Each structure stands twice: as C-alpha cells, then as structure tokens.
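All the letters of the sequence shown, read from the start, carry residue numbers 3 to 324 under this note's numbering.
Please read the structure below before turning to the comments.
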Amino acid sequence: MRLALAAFSLLAFSITAHAEAEPCPEDAEQRLYEMVESIGRGAQSDAAPVATLAEWAVATCQARTHVQALAATLLGAVIQATPDRQKLAHYVDLAERAISLNDSSWNPRIGPAVLKKSDGSSIDYFGYSQATGVLIDRVLPYGVALAEAGMPPRLLSGEPYSGCPYAAHSASRLADEARLWDKNVFMKSDQPLFVLAETRLQMLQASCPSHRRDLNFYLARLYGQEVEVLTGWGHHYSEDFQMRNGGWYWRHEMLRDLIFEEDEMLARKAEFDARARPLAEKAKPYLDALYKLPETLTAKDHEQLERANRWKKAVGASLAAD
3 MRLALAAFSL LAFSITAHAE AEPCPEDAEQ RLYEMVESIG RGAQSDAAPV ATLAEWAVAT
63 CQARTHVQAL AATLLGAVIQ ATPDRQKLAH YVDLAERAIS LNDSSWNPRI GPAVLKKSDG
123 SSIDYFGYSQ ATGVLIDRVL PYGVALAEAG MPPRLLSGEP YSGCPYAAHS ASRLADEARL
183 WDKNVFMKSD QPLFVLAETR LQMLQASCPS HRRDLNFYLA RLYGQEVEVL TGWGHHYSED
243 FQMRNGGWYW RHEMLRDLIF EEDEMLARKA EFDARARPLA EKAKPYLDAL YKLPETLTAK
303 DHEQLERANR WKKAVGASLA AD
C-alpha cells in the first residue's frame, strides 16, 4: 500500500493488538493530527502505519470525538490506497465506526481540540465536517464498489445494527447520506445501485428509532419519485410536428425521443406501469407512516409532506390501475 501522505515520526508509543485495554492518552488528537499533516506534506508513502494508528485510535479513544474524526480522515486516505478487497472491507467498516463515534461532535458545546501545526502555530480543530466528508467521499463509494464486486461491507449487508450508527440528537449527517443516495439513484430503479440504496436505507430505518420519521421520508422518496416519473406522461401539441400525427405527441422524462404513434405510447406505458407497480407497493407503507402526524409539526415536517403529496398521488394512481 502506498500513500500520497507523509511520515509520522513521533509515534513514540506502542500499538499492539490488545490496545483496547490502554487508556486514551491526553495528546491522542495531536498524535493523529501530526500524521494527517505528514500525509498532507506528501512524506508518508506507506499506508500500513497510518492504518495501524487509526485502528488503535478507534479502539482506544472511543469517547473522544475529535480523535475519531482524525482516525476517519486517516482511514479515508488508507481506503484510497488499498487494492486488497478484504483489507479494504475492514477499513471501510472501521472508518464507519469512527464516523459513528464522532457523530455527537456536531454540537459546538463540545468545543474544539486545540492542535499545534508543524510550523508551531495552533488551530481549533472541529472534526465533524471532515468525518462527514470521509463518509460521503470514501466510505459509501468504496462500500458500493465492494458490494458490486460481491463483497458487501457491514454498512451494505442488509442486517440491522444493534444500535443506530447516527446520534439520536442530530439528523444532519444522516441527511447528507440520504442526499448522496438520492442524487445517484434517481430514475435508476432498474439498476443495481438502486438496490444498494434500498438496502442501506432499510437497514437504517430498522436500526434508528430516533430517526424513523426522516427515514420513512427517505424511503418514500426513493420509491415514490420513481413511481411519479415512470407514470408521468405528457400529451402535447406543436405546430412544428403537424406532418406527424397532426402535431400531437407524447413525452416521457425517461425517453429521449418523442412518441407520435399511440400504439407505441401504449406499449411503453404498459412497460413503465409494470415497473412502477412494485415500487408503489414498496412506497405505500412509508408514505402511510409519514402521514401519521406528530402532535406538533416542524418546518421540516411541512416541507416533507409537501413533497410527499406528489408521490402519494402517483402511488395511489399506480395501485388503483387495472
């Protein structure tokens, strides 16, 4: 394994396979930050000591959220530099664990870690956004690559967690993950990546009671917007096409070409309706749960319901069709 990172010359402590029993040292954040700085300077070419340090930190400093953010940052670099799939799956799982342990650091009341840079100056380190970046840019994409190669990591295994990987008091990072899935699978319900998104969101929905309402929305969106698109036909007139069907044509968002013949439109409609029906069946329970309203609606609730109204209409029409 080779890294475009720099050497950490201050590893003056032992890292063993039984490091879990060690207390977390007071300067743990500084030790990891020096490795991050080394990586940034381009002096560290071997990923092995970086991985060892990160693994030690995840095991030894579980209550130190900034340590976990720095460990996740190091693991993000290691993940990029690891061609061996079995090792890669381990590092993806480990990085997810570090990010989960960091999740409460969104709260500014925790305060920063004051770290010293190599030039002697100090910085206030807040690691929440860095850890989120590792999740979005490394853990999930490389996890998908492993799953597509037949080696799904823990986060795409389909088995619920014993405890939610997201802190109960913050939905910010979960929303970032859900947006990533939405961006990459919209209008792709016939592709393997859609199934992975479905697997992941269902895992979280089963594991995260504090976020169940949001996850009901994300799953309703996953299925409902596909139904809306698949069943959404437009019938239009244009003088530019008067020589073809008197200027009338059908348009569908998933088709590049316009359709002028009714028989062709009906055939494609039957095809898309058949794809939409099972998605509508999957969407319905999440929509039903979403419309079981809490006593007090937040601005986010109103926004989610406004968007869900379109999906509910499309899903209802799909299920009512003969």
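Yeah, the Cβ is synthetic: ideal placement off N, Cα and C, and Gly gets one too.
Nothing here was measured: the structure is a model prediction, and the numbers come from that model.
When Cβ pairs closer than 8 Å are counted between the two stretches, the stretch 244-254 is seen not to touch the stretch 183-193, the count staying below three. For residue 194 and residue 276, the gap between their C-alpha atoms comes out near 18 Å. With fewer than 16 other Cβ atoms from the protein chains shown falling within 10 Å of its own Cβ, residue 295 counts as exposed. DSSP, read as helix, strand or coil, puts residue 271 in helix. Look at residue 164 here: in three-state DSSP terms it is coil, with no helix or strand label. In the DSSP assignment, residue 116 falls within the beta strand (DSSP E) that extends over 115-118. Residue 231 holds the alpha-carbon nearest to the alpha-carbon of residue 314 among 88, 273, 94, 231.
In chain order, 80 place their CB closer than 6 Å to the CB of residue 53, counting only its own chain and leaving out the 5 sequence neighbours on each side. Under DSSP, the beta-bridge partners assigned to residue 236 are 253. DSSP, reduced to helix, strand and coil, places residue 106 within a helical segment of the structure shown. Of the residues assessed, residue 213 falls on the buried side of the cut-off, its CB having 16 or more other CB atoms within 10 angstroms. Taking 8 Å as the cut-off, the beta carbon of residue 316 is found no closer than this to the beta carbon of residue 222. Closest option to residue 153, judged by alpha-carbon separation, among 125, 86, 116: 86. By the beta-carbon neighbour count (other beta carbons within 10 angstroms, threshold 16), residue 216 is buried.
Here the alpha carbon of residue 198 sits roughly 18 Å from the alpha carbon of residue 282. A contact between stretches requires three or more CB pairs, one per stretch, nearer than 8 Å, and the stretch 101-114 meets this requirement with the stretch 64-77. Under the Cβ criterion (8 Å, minimum of three pairs), the stretch 159-171 does not count as touching the stretch 112-126. Here residue 127 carries a strand assignment [DSSP, helix/strand/coil]. The shortest C-alpha to C-alpha distance from residue 211 to any of 99, 300, 47, 173 is the one to 173. Judged by their CB atoms, residue 77 and residue 136 are nearer to each other than the 8 Å cut-off. Per DSSP, residue 247 lies in no alpha helix (DSSP H) and is assigned neither H nor E. Take the alpha-carbon of residue 127 and the one of residue 112: they are about 11 Å apart.
Residue 61: member of the alpha helix (DSSP H) spanning 49-62, first to last residue. For residue 196, the enclosing alpha helix (DSSP H) has its first and last residue at 194-209. With respect to the C-alpha of residue 303, the residue from 88, 220, 265 having the closest C-alpha is 220.
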